[in-house]
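The opening position of the sequence shown corresponds to residue 1 in the UniProt record's numbering, with each subsequent residue numbered one higher.
All C-beta atoms in this analysis are idealised placements derived from N, C-alpha and C, irrespective of residue type, glycine included.
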Amino acid sequence: MTAAPLVSVLLPVYNAGPYLAAALGSILRQDYSRLEVIAIDDGSSDNSLKILERYRQADSRVSIISRENRGLVATLNEGLAVASGELVARMDADDVAYPWRLSRQVALFEQRPALGFCGAGVDMLIRGRIARGKPDPVFRSGRMPILAMFFTIFMHPTVVYNRKVIEDADLHYDATYRHAEDFDLFRRLASRYPAAMMPENLLVYRVHQASVTRRHSKEMRRTHLRIVAENLEREGLAEATRGLRDIGEAVSIDTITRAADFILALEERIGSLPDETRPSFEAGALNLFYFLYQLVADEKHPALTHELLTRTAKWDAIRRREKFALRPGAWAPWLSRASLWAGKHADAVEYFFKSAPAAAVLASHQAGLGR
């Protein structure tokens with residue numbers, strides 16, 4: 001009888017004291033036991049190392065590397081170098097894995113031994129309540145290598161890599177794409193190896209102000225647009241990409257105008273592609289528009305958002321509530337701001353009543369009742 005594959009869980013840790021015990025505990029309570037946890041303390045100044053040492057004393061599957069701060073990319077590559085498992089699972093120190101996460105992902109690789117890597121859906125933990133994540137329909141018919149050119153196809157802490165398929169030279173994070181290193185890695189891997197998105201939520205993703213995504217959002221967006229630009233140039237869908245790249249540096253009427261022109265030209269080129277690939281490229285281009293829409297909206301200047309929507313002719317691509325709120329943005333920004341605030345307040349109320357208290361949900365999952 002073939003032994004179950006060893007799963008190496010790669011856990012970077014940096015000042016994660018408030019959340020680390022929940023994250024690490026959720027991995028050690030998995031219903032798949034043949035695993036090792038490689039926890040790398042990246043120069044934390046809080047009590048993270050003490051928490052890790054306590055868990056290592058209680059469970060021999062935990063190993064710790066502790067040294068000065070070198071950053072996330074160096075930490076991830078160091079973990080990959082010492083991992084001994086056939087499968088390498090990513091985990092973040094502020095998230096919580098459902099007890100069956102690893103067993104479900106291992107089962108997928110056993111069913112599809114040629115699979116290179118996979119990701120899964122997530123539920124969101126916001127202010128103590130869990131909102132159920134919904135499957136993105138883009139994965140139903142979209143071709144993964146094409147989608148991976150436009151956006152980060154998987155939530156990073158849900159990913160598992162198959163080292164029996166992926167060559168060691170390909171499985172590394174590139175420091176030149178800091179804060180979007182997962183996007184860069186996934187696009188490279190998806191172009192060479194089969195990838196799959198699992199249609200179930202296997203992780204609770206914690207949203208909080210101290211998260212890496214929140215702290216480095218501007219740099220992440222600049223790097224994200226740089227990656228998309230490189231992909232489109234390589235694919236022959238764009239010769240000049242400054243119009244796309246520059247809006248990541250600064251949002252203004254000028255950069256919005258040029259980014260909108262870029263989107264329209266891209267859509268025209270995609271329209272002439274063969275029938276078998278065009279829908280995936282169209283889905284990717286729409287995702288790129290939404291990325292730009294969020295980037296501009298975060299400036300909280302309704303007139304700029306109005307300009308983007310008008311120049312790209314994408315008013316019908318946004319929610320009705322947002323459309324009504326933004327219509328006055330060109331001549332009455334104060335009215336748009338008030339309407340947008342009311343819309344966000346309504347969304348928050350709706351979220352509160354549709355979501356469940358985190359403690360209750362996680363407790364039911366721990367007891368096996370949430371399957």
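Locate the beta strand (DSSP E) running through residue i, then write down its first and last residues.
{"i": "Y205", "result": "A195 to V207"}
{"i": "R129", "result": "R129 to A131"}
{"i": "V165", "result": "From DSSP, V165 is part of no beta strand (DSSP E); its letter is neither H nor E."}
Which value, in whole angstroms, describes the spacing of the CA atoms of residue i and residue j?
{"i": "V13", "j": "G329", "result": "43 Å"}
{"i": "T305", "j": "H208", "result": "26 Å"}
{"i": "V349", "j": "S252", "result": "Residue placement at V349 is poorly supported in this model, since its pLDDT is 48, which falls under 50; the coordinates still yield a value, given next. C-alpha separation (whole angstroms): 32 Å."}
{"i": "G368", "j": "R129", "result": "Low confidence applies here, because G368 scores a pLDDT of 49, under 50, leaving its location unreliable; read the following figure in that light. Roughly 19 Å separates the two Cα atoms."}
{"i": "Q57", "j": "N15", "result": "20 Å"}
{"i": "P135", "j": "V106", "result": "20 Å"}
{"i": "A317", "j": "A39", "result": "43 Å"}
{"i": "W331", "j": "A297", "result": "17 Å"}
{"i": "R242", "j": "A250", "result": "12 Å"}
{"i": "L125", "j": "M91", "result": "16 Å"}
{"i": "A93", "j": "P137", "result": "29 Å"}
{"i": "I65", "j": "D59", "result": "16 Å"}
{"i": "F186", "j": "H156", "result": "9 Å"}
{"i": "L171", "j": "L80", "result": "8 Å"}
{"i": "A313", "j": "I51", "result": "52 Å"}
{"i": "R54", "j": "D41", "result": "14 Å"}
{"i": "R192", "j": "S26", "result": "32 Å"}
{"i": "R258", "j": "L266", "result": "12 Å"}
{"i": "L10", "j": "R61", "result": "12 Å"}
{"i": "S37", "j": "G43", "result": "With the sequence shown as reference, residue 37 is identified as Val, and Ser is not the correct amino acid for it. Answer to the nearest angstrom: the Cα atoms are 18 Å apart."}
{"i": "A3", "j": "D275", "result": "44 Å"}
{"i": "P5", "j": "K164", "result": "11 Å"}
{"i": "R112", "j": "R320", "result": "42 Å"}
{"i": "Y161", "j": "E167", "result": "11 Å"}
{"i": "D254", "j": "R278", "result": "30 Å"}
Following the continuous alpha helix (DSSP H) through residue i, name the residue where it begins and the one where it ends.
{"i": "A260", "result": "I253 to I270"}
{"i": "Y290", "result": "R278 to A297"}
{"i": "S141", "result": "V138 to S141"}
{"i": "E219", "result": "S217 to E235"}
{"i": "A325", "result": "R320 to L326"}
{"i": "I146", "result": "M144 to L147"}
{"i": "T241", "result": "T241 -> no alpha helix (DSSP H), and no H or E assigned at all."}
{"i": "E249", "result": "Where E249 is concerned, there is no enclosing alpha helix (DSSP H), given that its DSSP letter is neither H nor E."}
{"i": "Q301", "result": "Strictly speaking, residue 301 in this sequence is His, with Gln absent from that position. Taken as a continuous stretch (DSSP letters only), H301 belongs to no alpha helix (DSSP H), as it is neither H nor E."}
{"i": "A190", "result": "E181 to A190"}
Who are the near neighbours of residue i in its chain, counting only those whose CB is closer than 7 Å to its CB and skipping five residues on each side?
{"i": "V73", "result": "Y173, A175, R178 and E181"}
{"i": "residue 379", "result": "Nothing can be reported for residue 379: it is not among the residues displayed for the chain, which extend from 1 to 371."}
Which residues in the same chain as residue i place their Cβ atom closer than 6 Å to its Cβ, once the five residues preceding and following it in sequence are excluded?
{"i": "R371", "result": "Residue placement at R371 is flagged as unreliable, the pLDDT there being 41, under the threshold of 50; the coordinate-derived value follows with that caveat. Hits under 6 Å: none found."}
{"i": "T221", "result": "It should be noted that the sequence gives Arg, not Thr, for residue 221. The residues are G248 and L295."}
{"i": "G119", "result": "F154, T158, V159 and M197"}
{"i": "A229", "result": "T241, L244 and R245"}
{"i": "V7", "result": "L35, G85, L87, A89 and L102"}
{"i": "R132", "result": "D123"}
{"i": "L232", "result": "A238"}
{"i": "residue 425", "result": "Not covered by the structure: residue 425. The range shown for the chain is 1 to 371."}
Would you please state the rounded distance, in angstroms, between the beta carbons of residue i and residue j? I believe it to be under 8 Å.
{"i": "R269", "j": "L237", "result": "5 Å"}
{"i": "Y205", "j": "V122", "result": "4 Å"}
{"i": "S336", "j": "P302", "result": "3 Å"}
{"i": "I146", "j": "F291", "result": "Actually they do not touch by this definition, with Cβ atoms about 16 Å apart."}
{"i": "P194", "j": "G71", "result": "In fact, because the Cβ distance is near 30 Å, the residues do not count as touching under 8 Å."}
{"i": "F151", "j": "N287", "result": "5 Å"}
{"i": "G142", "j": "A283", "result": "5 Å"}
{"i": "E235", "j": "M149", "result": "7 Å"}
Apart from the five residues on each side of it in sequence, which residues of its chain come closer than 8 Å, Cβ to Cβ, to residue i?
{"i": "Q30", "result": "A97, P99, W100, R101, L102 and S103"}
{"i": "N47", "result": "G17"}
{"i": "L202", "result": "A97, Y98, W100, R101, R104, Q105, A120, G121, V122 and T158"}
{"i": "A22", "result": "V96"}
{"i": "L108", "result": "L115, C118, A196 and M198"}
Return yes when the C-beta of residue i is under 7 Å from any heavy atom of the ligand SAH, and no when it is not.
{"i": "R221", "result": "This structure lacks the ligand SAH; in fact it carries no ligand of any kind."}
Q | Any beta strand (DSSP E) of 3 or more consecutive residues that is wholly inside the UniProt domain "Glycosyltransferase 2-like" (8-122) | A | Listed in chain order, the complete beta strand (DSSP E) runs (minimum 3 residues) inside the UniProt domain "Glycosyltransferase 2-like" (8-122) are 35-42, 62-67 and 87-90.
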